[in-house]
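Participant: In our numbering, the protein residues as written are 318 to 428.
All C-beta atoms, glycine included, are put in the ideal place defined by N, C-alpha and C.
Small disclaimer: the values here were computed from a predicted structure and weren't measured.
Once you've had a glance at the structure underneath, I'll fire off some questions.
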């Protein structure tokens, strides 16, 4: 396993919710990353943002790790959830909130 792969694996496995994104949660640097940040913030989640723009190896490495071609990528309890479209659809349907709660993660405004 390469150093980058180990770094990604560690981030995914040691944080309940991780978003690999362009920019930071405070300053997203692409619209898709920004949309996912808005959803996670709306849900009041405590999550870790990893800025792929800071390191080209991580930027490519996360695509290889998940076998998913685009960023952002959301992970919950070590499991790849999806990119912006999937996260948005799951959020709108309530599926994302249910999944988070099933994983023992508190969600603001949930029934």
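(1) In the DSSP output, what is residue 337 paired with across the bridge?
(2) Report yes if the CB atom of residue 321 is closer than 9 Å to the CB atom of residue 360, and no otherwise.
(3) Starting from the Cα of residue 370, find the closest Cα among 384, 393 and 337 and give me that residue.
(4) Rounded to a whole number of angstroms, what is the C-alpha to C-alpha distance between residue 404 and residue 373?
(5) Taking the Cβ atom as the reference point for each residue, do residue 364 and residue 332 lie within a distance shorter than 9 Å?
(6) If you draw a straight line from the alpha carbon of residue 414 to that of residue 408, how long is it in whole angstroms?
(7) Looking only at its own chain, which residues have a Cβ that is under 6 Å from the Cβ of residue 397, when we skip the five neighbours before and after it?
(8) Note down the Cα distance separating residue 388 from residue 400, rounded to an integer number of angstroms.
(9) Could you give the residue range of the beta strand (DSSP E) that holds residue 421?
Facilitator: Answer, in terms of the structure:
(1) According to the DSSP secondary-structure assignment, residue 337 is paired through a beta bridge with 367 and 390.
(2) no
(3) 337
(4) Residue 373 has its alpha-carbon roughly 24 Å from the corresponding atom of residue 404.
(5) Here residue 364 is near residue 332, since their CB atoms are less than 9 Å apart.
(6) 7 Å
(7) 383
(8) 7 Å
(9) From DSSP, residue 421 is part of no beta strand (DSSP E); its letter is neither H nor E.
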